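Undergrad: Anchor point for the sequence shown: position 205 equals 214 in our numbering, and the numbering is continuous, going up by one each time. Even for Gly, the Cβ is constructed at its ideal location relative to N, Cα and C. Just so we're clear, the structure is a prediction, and the values are computed from it rather than from any experiment.
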Amino acid sequence: MPRRVPVVLVAGQLGAGKSTLVNHLLRRADGVRIGVVVNDFGAIGIDAMLVAGQASAVTSLANGCLCCTTDANGLAGLLAELTAPSARLDLVVVEASGLAEPRELVRLLLDAIAGEARHAAYGGLVVVVDAVTGETDGVVRLADLVVLNQVDRVADPAPLLAALRETAPGPVLPVVRGAVDPALLVDPPARRRPSRSSQLAFDVLLREDAGHAHTAAESVAVERDAPLDPARFAAFLEAGPAGVFRAKGVVRFPGAAPFVVQTVGTAIRVRPAPRSVDVAGARLVFIGAGLDAAGLHAAIDACAADPAAGEPSLLPVLRYEESDRVDAL
10 MPRRVPVVLV AGQLGAGKST LVNHLLRRAD GVRIGVVVND FGAIGIDAML
60 VAGQASAVTS LANGCLCCTT DANGLAGLLA ELTAPSARLD LVVVEASGLA
110 EPRELVRLLL DAIAGEARHA AYGGLVVVVD AVTGETDGVV RLADLVVLNQ
160 VDRVADPAPL LAALRETAPG PVLPVVRGAV DPALLVDPPA RRRPSRSSQL
210 AFDVLLREDA GHAHTAAESV AVERDAPLDP ARFAAFLEAG PAGVFRAKGV
260 VRFPGAAPFV VQTVGTAIRV RPAPRSVDVA GARLVFIGAG LDAAGLHAAI
310 DACAADPAAG EPSLLPVLRY EESDRVDAL
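1) Note down, in chain order, each residue of its chain lying with its Cβ closer than 7 Å to the Cβ of Arg334, except the 5 sequence neighbours on either side.
2) Nearest by alpha-carbon distance to Arg150: which of Val160, Asp139, Ala171 and Thr176 is it?
3) Excluding sequence positions up to five away, which residues of its chain have a Cβ less than 7 Å from the Cβ of Ala126?
4) If you count every other CB in all the chains shown that lies within 10 Å of the CB of Arg42, and 16 or more means buried, which is it?
5) Find the nearest neighbour of Ile296 within the set Ala167, Ala251, Tyr329 and Val155, judged by alpha-carbon distance.
6) At the level of alpha carbons, what is the spacing between Tyr329 and Phe268?
7) Quick check on Arg127: does DSSP put it in helix, strand or coil?
8) Whose C-beta lies closer than 7 Å to the C-beta of Ala25 among residues of the same chain, with five residues either side of it excluded?
9) Quick one: residues in its chain with C-beta nearer than 7 Å to the C-beta of Ser228, no 5 flanking neighbours on either side, listed in chain order?
10) Mapping the DSSP letters down to three states, classify Pro111 as helix, strand or coil.
11) Please list, in chain order, all residues of the same chain as Ala289 whose beta carbon is under 6 Å from its beta carbon, the five residues on each side excluded.
12) Exposed or buried, Thr275, counting other C-beta atoms within 10 Å across all chains shown (16 or more means buried)?
13) Could you pull out every residue in the same chain whose Cβ sits closer than 6 Å to the Cβ of Gly264, ignoring the five residues on either side in sequence?
14) Would you identify the three-state DSSP class for Ala291, choosing helix, strand or coil?
15) The beta strand (DSSP E) that contains Pro281, what's its start and end?
16) When burial is assigned at 16 or more other CB atoms within 10 Å of the CB, is Asp4 buried or exposed?
17) At which residues does the alpha helix (DSSP H) containing Phe245 begin and terminate?
18) Taking DSSP as the reference, what is the three-state secondary structure of Leu194?
19) To which residues of the same chain is Gly21 closer than 6 Å at the C-beta, ignoring the five residues directly before and after it?
20) Is the beta carbon of Val19 closer than 8 Å to that of Ala105?
21) DSSP has Gln271 in a bridge; who is on the other side?
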């Protein structure tokens, strides 16, 4: 299959920290080529981004990233351009402010993937919430991942965190100054060469003692030697495993070749694995905070296929295949 570029939508109320999050992604890019789509350059504080705010302007940044402006009508064409193999981007981030309401923006993206932007993949809706105001406008109910920003500016963020986790279908990540590492959204490219100044690995970054709220982040690897049941595994991913921000790996189902699975919050992407990749059952990595390692192992064991039941339908998993449009709204 041709390589697909995840497109992540960032939404949230004015002042929540959307642009701060985007700036952090760009500063921490470290070899990850990011395309950023906005239509209000006044909100982006990157010095290199000194371009006019007219529609469809594209500017290259020193770190290999691109920054673009567009209106809602031009989104599909621009995404097709940014996700084309010739652009060599690893991730595209679209800031919702000024383009459309989050629900409409998701629809625009899904339409683009079904049409012009055939090399794009839906990477999830990230909603940024300001911990000081706690205002969400109800949009967290649509979020695949909620980023609770500026938790250092409130005496006790625990009540708001608990309320968001009751409301949001996906995980809630508390951060300071929009500090979301790109590794949470996309794998670093193989072409990146480590150096002394290179970005810390995600699990190391989140453990560093910098006074940030995400010191508890961790990863759990789960392996299984027998195939999984598609319906059980899909239900497991759809439920949003507790504390998991991102999951990735390779899974085999009865009677089928292996599939690559990636999630950001509750956004799920599935594609056939390359022929060189083979597993008997599952190899998965879960990234998050406060993970229950034993619980994750038990949950994957509970997804085991019943050998006596024959070959189950793959439809519960194939509905998330990147080659198809997923219209869940």
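TA: This is what the structure holds:
1) The pLDDT assigned to Arg334 is 37, lower than 50, so where the model puts this residue is not dependable; a value taken from the coordinates is nonetheless given after this. Correct list, in chain order: Leu119, Ile122 and Ala123.
2) Thr176
3) Ala85, Leu88, Ala89 and Thr92
4) buried
5) Ala251
6) 11 Å
7) coil
8) Val137, Val138, Asp139 and Asn158
9) Asp212, Val294, Phe295 and Ile296
10) helix
11) Asp234
12) buried
13) Glu320
14) strand
15) Ala276 to Pro281
16) The requested residue 4 is not part of the displayed model; the chain covers only 10 to 338.
17) Pro239 to Glu247
18) coil
19) Lys27, Val136 and Val137
20) yes
21) Lys257 and Arg278
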